[in-house]
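Heads up: the structure comes next, in structure tokens.
Protein chains: 2
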Amino acid sequence: MSERVGDARLGQYVPAPGVIDLAWGHPDPTLLPVDQLREATHRAMERHGPDILEYGSTAGSPPLINFICARLAETDARAPGPDQVVITSGASQGLDLVATLLLQPGETVLLDLPTYHLAISILSDHPVQLKAVASDADGIVLDDLARVVAQLRRDGELPRLLYTIATFHNPTGRSISLERRQALVNFAAQEGLLIAEDDTYRELSYDGPPPPSLWALDGAGAVVRIGSFAKSVAPGLRLGYVTATPEIASRMANGGLLDSGGGMNHFAATVLAEYAASGDYLRQVERFRDAYRGQRDRLLAGLATHVPDAACSRPGGGFFVWVQLPPGVVADELAPIAIARGMAFLPAHRFYVDGSEAPEAIRLAFSMYPPEVLEDAVVRLAAAVTQLRG
Amino acid sequence: MSERVGDARLGQYVPAPGVIDLAWGHPDPTLLPVDQLREATHRAMERHGPDILEYGSTAGSPPLINFICARLAETDARAPGPDQVVITSGASQGLDLVATLLLQPGETVLLDLPTYHLAISILSDHPVQLKAVASDADGIVLDDLARVVAQLRRDGELPRLLYTIATFHNPTGRSISLERRQALVNFAAQEGLLIAEDDTYRELSYDGPPPPSLWALDGAGAVVRIGSFAKSVAPGLRLGYVTATPEIASRMANGGLLDSGGGMNHFAATVLAEYAASGDYLRQVERFRDAYRGQRDRLLAGLATHVPDAACSRPGGGFFVWVQLPPGVVADELAPIAIARGMAFLPAHRFYVDGSEAPEAIRLAFSMYPPEVLEDAVVRLAAAVTQLRG
Chain U
2 MSERVGDARL
12 GQYVPAPGVI
22 DLAWGHPDPT
32 LLPVDQLREA
42 THRAMERHGP
52 DILEYGSTAG
62 SPPLINFICA
72 RLAETDARAP
82 GPDQVVITSG
92 ASQGLDLVAT
102 LLLQPGETVL
112 LDLPTYHLAI
122 SILSDHPVQL
132 KAVASDADGI
142 VLDDLARVVA
152 QLRRDGELPR
162 LLYTIATFHN
172 PTGRSISLER
182 RQALVNFAAQ
192 EGLLIAEDDT
202 YRELSYDGPP
212 PPSLWALDGA
222 GAVVRIGSFA
232 KSVAPGLRLG
242 YVTATPEIAS
252 RMANGGLLDS
262 GGGMNHFAAT
272 VLAEYAASGD
282 YLRQVERFRD
292 AYRGQRDRLL
302 AGLATHVPDA
312 ACSRPGGGFF
322 VWVQLPPGVV
332 ADELAPIAIA
342 RGMAFLPAHR
352 FYVDGSEAPE
362 AIRLAFSMYP
372 PEVLEDAVVR
382 LAAAVTQLRG
Chain Z
2 MSERVGDARL
12 GQYVPAPGVI
22 DLAWGHPDPT
32 LLPVDQLREA
42 THRAMERHGP
52 DILEYGSTAG
62 SPPLINFICA
72 RLAETDARAP
82 GPDQVVITSG
92 ASQGLDLVAT
102 LLLQPGETVL
112 LDLPTYHLAI
122 SILSDHPVQL
132 KAVASDADGI
142 VLDDLARVVA
152 QLRRDGELPR
162 LLYTIATFHN
172 PTGRSISLER
182 RQALVNFAAQ
192 EGLLIAEDDT
202 YRELSYDGPP
212 PPSLWALDGA
222 GAVVRIGSFA
232 KSVAPGLRLG
242 YVTATPEIAS
252 RMANGGLLDS
262 GGGMNHFAAT
272 VLAEYAASGD
282 YLRQVERFRD
292 AYRGQRDRLL
302 AGLATHVPDA
312 ACSRPGGGFF
322 VWVQLPPGVV
332 ADELAPIAIA
342 RGMAFLPAHR
352 FYVDGSEAPE
362 AIRLAFSMYP
372 PEVLEDAVVR
382 LAAAVTQLRG
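Taken in order, these protein sequences are the chains called U and Z.
Using this note's numbering, read the first sequence as starting at 2 and increasing by one per residue.
Using this note's numbering, read the second sequence as starting at 2 and increasing by one per residue.
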């Protein structure tokens, strides 16, 4: 009989003893709202009874759809109507569903690089081509997008979708400027290009309200915005949503997967709606923002103090700082030394398609640890840099 | 501001007033284990704390994987090891993941018809060809499978996967004979054909243990068995699993979707594991079997009494009876008359690809109503038949 996995950890992240691991964009577990979600589950089951365990409405549990519409009216520049929203099993599953339903084999997906590496993985599991577009400190470079699209067309290719993270970017932390956002959606509309806007970090805004989403600025139905509750509530619930035109929302809600299974995650979605209705959602988001803001600030201060000749992004939200290492310090050479000294990071090249770019940059996640531990991690990083250079 | 969907029903199934609706393979809501799942959620959150809300292990929550391995040792002829199991968001999502990860554009999926109509929908959302194979009262006809495969190859096509429901079939209720099962898996192995075995109804066995799965009989790694907790516990939880070779399981667990989101439905899966560990799962399955057995028996007795010249399948499990209507009675003509008299069904042609087959047959689901209501539905059906014929 094969061995049990009973002693295996529940979680995806397996800590290495003695290593402060800044490679993972996972929440600090001590911040997760265990008690409130337990109570919300109790109330939701009392309120709905067997309806919470049935096959759910295919577009998603109506109270959660209502909450999403109301919440986006507060956090974004435009709110969707309920017919423009579909509940997903997280942003990952939202992107996977977009790829299955909205892309044909052989079409090209554009990505401004660097980008979320696991979005590259999700898209790579579909029979599409991937094409890189340049980015700078303010996000995707529109001239390069236009150039790439034109070149693809000349080559007889079919550029169909741009995947981009416009706000509190993973891995760089930057946000596309307002002017560039509007120009981007205008370009997409005029070119018949869809945009899958990964808006996972909208709620984690530390210095004031987040910028308007591409979806909010788009009057032409070009943008499918992929939202998430992983970072604003908890990743293990597996809940997110899509806002899109009624036509695209309907295509998703009426596709085989949702028609067969009902709403993607009916039970959890209905629990989350109950949690949100209690006011706990707003309190939790504030709690996360306060904690993560402090963590961001301490990480940045630590870097400025201990690795002063690194150049670091200053994210207005999200989980990540992008660090250009001091000249001559190569991330792949630094990594084993850093681990030996008790900290870990992801090298920047992981966020490109072919792995050879940005050899002297790294991504640091500040989400998982309190400020003092983050400073400790930076001290270890600095020692590793010194060791490598010396 | 667009209207709220707040008054919309939570569920996918929207009852029509006065209509006994035998079109839906949904559970009787009064049987759903609301209290036990609420208590299991409480215990699971007490036991695991924040770990239940983190990104989960990608193959799925380990205690649920362990339960699946142990349970299949009891209900099937072979048990998987933990490295052969991946947790999905229901059987629907399991099939969708198989289609995304194991099929290339243009490959052909074979289906013995009639089959689960929404599996046709799920597969149709992927860039594959669908090809019908004949079936009879004992399931897929192997001579026709061999013929179709040979013809496809002569035509330069790539038959890659057979989708089939071997046990307590939807829509016909039949199960493939033991001899034919073994011959089928042998054929698949020798032809390099994968089989996606939809094993959704294994637990709902009313006349003794269910037959061994194709997966259990397969020594060559040809079968990917798709399991479900929708019918044995509750559909709204959105939980199922796949048993396959370690290579296929690993491909799924390490694909972009699961790598990005962690386990498909970590929170719900961990709750379900707690529920199962308490013994509630076994008690609930027995409860369902007793109720559904009685419902099946009353429906069949009612059909024998009130529509004696219909020919009905006698399912050993599952949710469905396949009814060959009396000669000359066309399902599409019968349907509006039946609805006017207060009952509904799905016409058999819905379970084929092109919709023109089996015009004089229907599928009846006995899952949603107690026995006396099912008999009432049959009386109404009989009256509709009489009206149509007269």
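We put the CB at the ideal spot given by N, CA and C, even for glycine.
Look at the alpha carbon of Glu-4 (chain U) and the alpha carbon of Arg-182 (chain Z), and state the distance between them as a whole number of angstroms.
-> Here the model assigns Glu-4 (chain U) a pLDDT of 45, short of 50, so the residue's position is not dependable, and the following value carries that caveat. Counting only the Cα atoms, Arg-182 (chain Z) lies some 29 Å from Glu-4 (chain U).
What residue does the beta strand (DSSP E) around Pro-160 (chain U) start on, and which one ends it?
-> 160-165
Where are the alpha helix (DSSP H) runs, 4 residues long or more, that stay fully inside the region 77-160 of chain Z, in chain order?
-> Whole alpha helix (DSSP H) segments, 4+ residues: 91-103, 118-125 and 143-155.
Quick one: what's got a C-beta closer than 7 Å to Pro-81 (chain Z)'s C-beta in the same chain, skipping five residues either side?
-> Cys-70, Leu-73 and Thr-244
What's the call for Val-129 (chain Z), buried or exposed, on a 16-neighbour Cβ count within 10 Å?
-> buried
Which chain Z residues are close to His-170 (chain U), counting only those with a beta carbon under 8 Å from its beta carbon?
-> Simply none; closest approach about 16 Å.
In the region 260-284 of chain Z, which residues sit with their C-beta less than 8 Å from some C-beta in chain U, listed in chain order?
-> Asp-260, Ser-261, Gly-262, Gly-263, Gly-264, Met-265, Asn-266, His-267, Phe-268, Ala-269 and Thr-271
State the DSSP-derived secondary structure class of Arg-284 (chain Z), mapped to helix, strand or coil.
-> helix
Could you tell me which of U:Leu-124, U:Phe-320, U:Pro-247 and U:Ile-249 sits nearest to Pro-106 (chain U), measuring between CA atoms?
-> U:Leu-124
Interface partners of Thr-101 (chain U) on chain Z, CB under 8 Å | Here the neighbours are Asp-97, Thr-101, Asp-126 and His-127.
Indicate whether Pro-212 (chain Z) and Thr-168 (chain Z) have their beta-carbon atoms separated by less than 7 Å.
-> yes
For Met-253 (chain Z), I'd like the list of residues in its chain whose CB is within less than 7 Å of its CB, leaving aside the five on either flank, ordered along the chain.
-> Val-87, Leu-98, Leu-102, Val-243 and Leu-259
If you scan the region 156-243 of chain U from start to end, which runs of the alpha helix (DSSP H) of 4 or more residues do you find wholly inside it?
-> With a minimum length of 4 residues, the continuous alpha helix (DSSP H) runs that stay inside the region 156-243 of chain U are 179-192 and 215-218.
Thr-201 (chain Z) to Pro-64 (chain U) span [Cα, whole Å] = The alpha-carbon atoms of Thr-201 (chain Z) and Pro-64 (chain U) are separated by roughly 29 Å.
At least 3 beta-carbon pairs within less than 8 Å: the region 223-230 of chain Z vs the region 173-193 of chain Z = At 8 Å Cβ cutoff, the stretches touch.
Continuous alpha helix (DSSP H) stretch holding Phe-268 (chain U): start and end = 267-278
Flag this pair as touching only if the region 39-55 of chain Z and the region 372-388 of chain Z have three or more C-beta atom pairs under 8 Å; answer yes or no.
-> no
Neighbouring residues, chain Z, relative to Pro-106 (chain U) (Cβ below 7 Å) | Pro-106 and Pro-128
So the beta strand (DSSP E) Ile-363 (chain Z) belongs to, where does it begin and stop?
-> Per DSSP, Ile-363 (chain Z) belongs to the beta strand (DSSP E) from 362-366.
Roughly how many angstroms lie between the CA atoms of Ala-189 (chain U) and Leu-119 (chain U), to the nearest whole one?
-> 24 Å
State yes or no: is the beta carbon of Ile-53 (chain Z) nearer than 7 Å to at least one beta carbon in chain U?
-> yes
Determine the burial state of Ser-314 (chain Z): buried for a count of at least 16 other Cβ atoms within 10 Å of its Cβ, exposed for fewer.
-> Buried, since its Cβ has 16 or more Cβ neighbours within 10 Å.
Identify the continuous alpha helix (DSSP H) that holds Val-374 (chain U) and give its terminal residues.
-> 372-390
What does His-49 (chain U) reach in chain Z if we use C-beta pairs closer than 9 Å?
-> Leu-11 and Val-35
Residues of its chain near Val-149 (chain U), where Cβ-Cβ distance is below 7 Å and the 5 sequence neighbours each way are ignored | Taken in chain order, the residues that qualify are Leu-111, Lys-132 and Val-134.
Delimiting residues of the beta strand (DSSP E) encompassing Gln-325 (chain U) = Residues 321-325.
Using the Cα positions of Pro-115 (chain U) and Ala-24 (chain U), report the straight-line distance between them to the nearest angstrom.
-> 16 Å
Provide the residue span of the alpha helix (DSSP H) that contains Ala-339 (chain Z), from first to last.
-> 332-341
Please classify Asp-298 (chain U): does DSSP put it in a helix, a strand, or coil?
-> Looking at Asp-298 (chain U) - three-state DSSP - the assignment turns out to be helix.
Using a Cβ cut-off of 7 Å, pull out every chain U residue sitting near Arg-39 (chain Z), in sequence order please.
-> Thr-42, His-43 and Met-46
Proximity test, Cβ basis, 7 Å: Gly-319 (chain Z) and chain U | no
Gln-37 (chain Z) lies in the alpha helix (DSSP H); which residues open and close that run?
-> 35-49
Is Gln-13 (chain Z) buried or exposed, if buried means 16 or more other CB atoms sit within 10 Å of its CB?
-> Buried: at least 16 other Cβ atoms inside 10 Å.
Any Cβ of chain U within less than 7 Å of the Cβ of Ala-17 (chain Z)?
-> no
Just mark Ser-136 (chain U) as buried or exposed, buried being the case when its beta carbon has 16 or more other beta carbons within 10 Å.
-> buried
Minimum Cβ-Cβ distance from Tyr-242 (chain Z) to chain U less than 7 Å | For Tyr-242 (chain Z), not one C-beta of chain U is nearer than 7 Å to its own C-beta.
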